[in-house]
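Residue numbering for the sequence shown follows this note's numbering, beginning at 5 and increasing consecutively. By construction, the Cβ of each residue, glycine as well, lies at the ideal position given by its N, Cα and C atoms.
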Amino acid sequence: MYRQAYYNEDFLIDYNTNNDYYLDDVEDDYPDYIKREKLKLPDVRSVDVSRHFTRLSEMNYSVDLGMYPLGSCTMKFNPKYSDYIASIEEFNKHPLEGEENTQGNLEIMYNLQEYLKTISGMAYSSLQPSAGAHGEFTGILIIRKYFEMKNELDRRNEIIIPDSAHGTNPASASMGGFAVIEIPSDESGLVDIDALKAAVSDHTAAFMITNPNTLGIFDDKIKEISEIIHNNGSLLYYDGANLNAVLGITTPGKMGFDIVHFNLHKTFATPHGGGGPGSGPVAVKSFLKEFLPVPIISMENGQYKLDYRLKNTVGKISSYYGSFSVLLRAYSYILKNGNNLKNSTEKAVLNANYMADKLSKYYKIPYKKLKKHEFVLSTENTGKRALDISKFILDYGIHSPTTYFPLIVKEAMMLEPTESVTKKDIDYYISVMVKALSTDSDIIKKSPVNTSVTRIDEIKVARDLILTWNKNEKTLNKI
Ligand SMILES: Cc1ncc(COP(=O)(O)O)c(C=O)c1O
C-alpha cells in the first residue's frame, strides 16, 4: 500500500512561532512593498529542516517513484546521467556571454540541430521554441509567412485538423490567425480521406496532424494524404509529440511532412509535467529555411555562431538560447543511445501493446488497429466512470492515465506505459485496473483515501476559483 506522507505538526509550530526578527536597517525611502515588519524566521535544527522537506517531497508523486502512464504526455523515467550533465557548472553560462566564450555550448546546440534534422528527415532546424505548443505556434507562423511571401495569405486562411488532435493544435492555428476546419476520423480512428478531400480547398493553408495519432494508431495512408495536400499547394504539418513511436524507424520527412515540431522534453530526457521547462524545436524542408525563428546556430571557419541572417524569419520567439538545460539533456540522451534510439521505440510500442492486449479482456478498446506507443480504452462497458477508476488506482501507488482524452472516445483512459517500465510494473498496473472493476462503487467514488490530498470536489474546483491571497483578511480571495 502507498505510504501516506504526513506533516510534522511540531515542526510547523516551531517554524511559525519561534523567532521574531526585525528589518531594522531598511531605509525609510524604500518603496512600499518593502515594509518594516516582523519577520518570522525559523530557528530549528537542520535535521528537522531536512526531515520536514523530505516529508513534503514524499507527498508528491513523480516518475522517480513509479509508473506514470499519462497517455500523450509521455512521462517516462529520465536517466540520471542527463540530469547530471545538465547540472555541470561549466555549461552554466550567462546568456549575454559572447560567442567566443560559449563555443562549447554553441557546438552542442549545433550538433543537436544536426541530429534533429537526421531524426526528422528535415533539412534545417531551430532550437528556439520552449514547448510543444510553442513549436506548433512557431510552425503556424512559418506557414503564415510562407503564404504571405507568395501573396496567397488572403485566400489561404484555413488549417485543417482531425477531430482526434491534441487541443493545442487548433489553439495554435487559431492564435496564428487561421480558421480551424475540423474533420472527423473514419471508423478505424484514422483520417477520413473523403472528409479530407471535401475540406481541402483554395482556402487551405495546411493540414496539421500527429502520426501516430492520439489513439496511438499510425496512419498508413499518410503518403496519400501528403499528395492530396501538396497537389493543392498546401503544407503538411507534423505534430511531433508522438515521435517516440517512430524514432529510428521512419521520419516525418519520409512521410511527406514539410514542418515538424519536436517535444524534446517528452521524446528525449526531461520529464514533461508541472508546466515545464520544455523545448519544442522546429524543423523544416529546405524551401522553408528562410522562415525559421532566429538565431539558428551555424558554423563558419571552425567557429560556432548565433546566426540571425535568415531572410524572411518569423523573428525571435524565445529569449536568448531557448531552454538550454533541456537541449543539453536531449543531446546527452541522443549521444548515449546513438543508433539505438530505435530500441527505445520498439520497447515503448511493445509495452503499450502488451498492456492493451491484457486490458482488452476487461475494458473496451475501441479502434482495433495495432497500437504504437499508447492506446485508449473506454470504461463505458464496465458501469464505472473513468474518473472514479483514475482516482481509485491512486491508492495503490500508481499514477492515473490521461482521462477523458481524446474527446472522440467516451469515458476514455489513455495509457502510455513508455519504454522505461518493466513487465512487473505493467502487470501490477493491470492488476490494479482489474481490481477497480470488482470494487464496490461506493468505495471507488470516495477514493483516493491513502494519498496526501484525497478526493477533491471537481465541480467546486472548477467553479470556485481561489487563486490569490487577501492580505488584510488573511484568507484566500475568491474570483
Ligand atoms: C499530441 C500532442 N501535441 C502537442 C502537445 C503540446 O506539447 P506541450 O505540452 O509541450 O506544449 C502535446 C502535449 O502533451 C501532445 O500530446
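Thinking C-beta only, is F379 closer than 9 Å to G244?
-> Walking along the sequence shown from the start, residue 244 turns up at place 240. Walking along the sequence shown from the start, residue 379 turns up at place 375. Not in contact: G244 and F379 (Cβ atoms no closer than 9 Å).
Helix, strand or coil for A175 per DSSP?
-> For the purposes of this step, residue 175 is identified with residue 171 of the sequence shown, where counting begins at 1. Correct three-state label for A175: helix.
Name the residue from F81, N316, E191 whose alpha carbon lies nearest to the alpha carbon of T274.
-> Counting from one through the sequence shown, the residue named residue 274 turns up at place 270. It is F81 whose Cα lies nearest to the Cα of T274.
Continuous alpha helix (DSSP H) assignments of at least 4 residues falling wholly in the stretch 348 to 425 | 390 to 398
Which whole-angstrom value is the C-beta distance of A334 and E420, which I expect to be below 8 Å?
-> One-based indexing of the sequence shown puts residue 334 at position 330. One-based indexing of the sequence shown puts residue 420 at position 416. For A334 against E420, the beta-carbon gap comes to about 19 Å, at or over 8 Å, which does not count as contact.
Ends of the beta strand (DSSP E) at D243?
-> Mapped onto the sequence shown, residue 243 falls at position 239. Here the beta strand (DSSP E) through D243 covers 239 to 244.
Under the criterion of a Cβ to heavy atom distance below 8 Å, does D167 qualify as lining ligand 1?
-> What you label residue 167 is simply residue 163 of the sequence shown in a count that begins at 1. For ligand 1, not one heavy atom lies less than 8 Å from the Cβ of D167.
Can you list the alpha helix (DSSP H) stretches of 4 or more residues lying completely in the stretch 129 to 168, in chain order?
-> 136 to 153
Report buried or exposed for Y88, applying the criterion of at least 16 other Cβ atoms within 10 angstroms of its Cβ.
-> Counted from its first residue, the sequence shown places residue 88 at position 84. Burial call: exposed.
List the whole-angstrom C-beta distance separating L310 from P299, where the pair is believed to meet the contact cut-off of C-beta under 8 Å.
-> As a first step, residue 310 must be located in the sequence shown, where it is residue number 306. As a first step, residue 299 must be located in the sequence shown, where it is residue number 295. With 8 Å as the limit, L310 and P299 qualify as a contact, their Cβ atoms being about 4 Å apart.
Examine the Cβ distances between the stretch 430 to 447 and the stretch 387 to 401 and report whether three or more of them are shorter than 8 Å.
-> yes
Taking a cut-off of 5 Å, which residues have a beta-carbon closer than that to any heavy atom of ligand 1, in chain order?
-> Any residue whose Cβ sits closer than 5 Å to a heavy atom of ligand 1 makes the list: S76, C77, A135, G136, A137, H170, T172, T214, D243, A245, N267, G282.
Taking only the alpha-carbon atoms, compute the straight-line gap between P281 and E62 and give it to the nearest angstrom.
-> Here residue 281 is taken as the residue at index 277 of the sequence shown, counted from 1. Here residue 62 is taken as the residue at index 58 of the sequence shown, counted from 1. When rounded, the separation of the alpha-carbon atoms in P281 and E62 is 22 Å.
Cβ-heavy atom distance, K293 to ligand 3, below 8 Å = Because ligand 3 does not appear in the structure shown, any question about it cannot be addressed here, the ligands present being ligand 1.
Opposite E103 in the DSSP bridges: which residues?
-> Start at 1 with the first residue of the sequence shown, and residue 103 comes out as number 99. BP columns for E103 are empty, so no partner.
Helix, strand or coil at D311 [DSSP, three-state] | Residue mapping note: residue 311 aligns to position 307 of the sequence shown, counting from 1. Strand.
Contact check, L488 vs V330 under 8 Å by CB: the rounded distance?
-> Residue 488 cannot be examined here, being either before or after the span of the chain that is shown, 5 to 483.
What residue from Y119, H170, N248 has the CA that sits closest to A137's CA?
-> As a first step, residue 137 must be located in the sequence shown, where it is residue number 133. If we check each option's Cα against that of A137, H170 comes out closest.
Do the stretch 141 to 148 and the stretch 189 to 208 meet, that is, are 3 or more Cβ pairs less than 8 Å apart?
-> no
According to DSSP, what are the bridge partners of V184?
-> Taking the sequence shown and counting its residues from 1, one reaches residue 184 at position 180. DSSP, once it has assigned bridges, lists I163 as partnering V184.
Does the beta-carbon distance from A249 to V184 come in below 9 Å?
-> As a position in the sequence shown, residue 249 is number 245, starting the count at 1. As a position in the sequence shown, residue 184 is number 180, starting the count at 1. Result no, Cβ atoms of A249 and V184 do not sit closer than 9 Å.
Less than 9 Å separating the beta-carbons of I448 and K388?
-> The count along the sequence shown starts at 1 and reaches residue 448 at position 444. The count along the sequence shown starts at 1 and reaches residue 388 at position 384. Closer than 9 Å, so yes.
Roughly how many whole angstroms lie between the Cα atoms of S322 and E231?
-> Position 318 of the sequence shown, counting from 1, holds the residue named residue 322. Position 227 of the sequence shown, counting from 1, holds the residue named residue 231. Going from the Cα of S322 to the Cα of E231 covers about 34 Å.
Buried versus exposed call for N344 [16 or more other C-beta atoms within 10 Å across all chains shown] = Residue numbering aside, residue 344 sits at position 340 when the sequence shown is read from its first letter. Of the residues assessed, N344 falls on the exposed side of the cut-off, its CB having fewer than 16 other CB atoms within 10 angstroms.
For I197, the three-state DSSP class (helix, strand or coil) | Taking the sequence shown and counting its residues from 1, one reaches residue 197 at position 193. Three-state DSSP puts I197 in a helix.
Would the beta-carbon of V264 fall within 9 Å of that of M179?
-> Residue 264 sits at position 260 when you count from the first residue of the sequence shown. Residue 179 sits at position 175 when you count from the first residue of the sequence shown. No.
With a cut-off of 8 Å, do at least 3 Cβ pairs link the stretch 45 to 52 to the stretch 204 to 218?
-> no
Would you mind working out which of L374, P256, Q307 sits nearest K112, comparing C-alpha positions?
-> Your numbering for residue 112 matches position 108 in the sequence shown. With the sequence shown as reference, residue 112 is identified as Ile, and Lys is not the correct amino acid for it. When each option's Cα is compared against that of I112, the closest is Q307.
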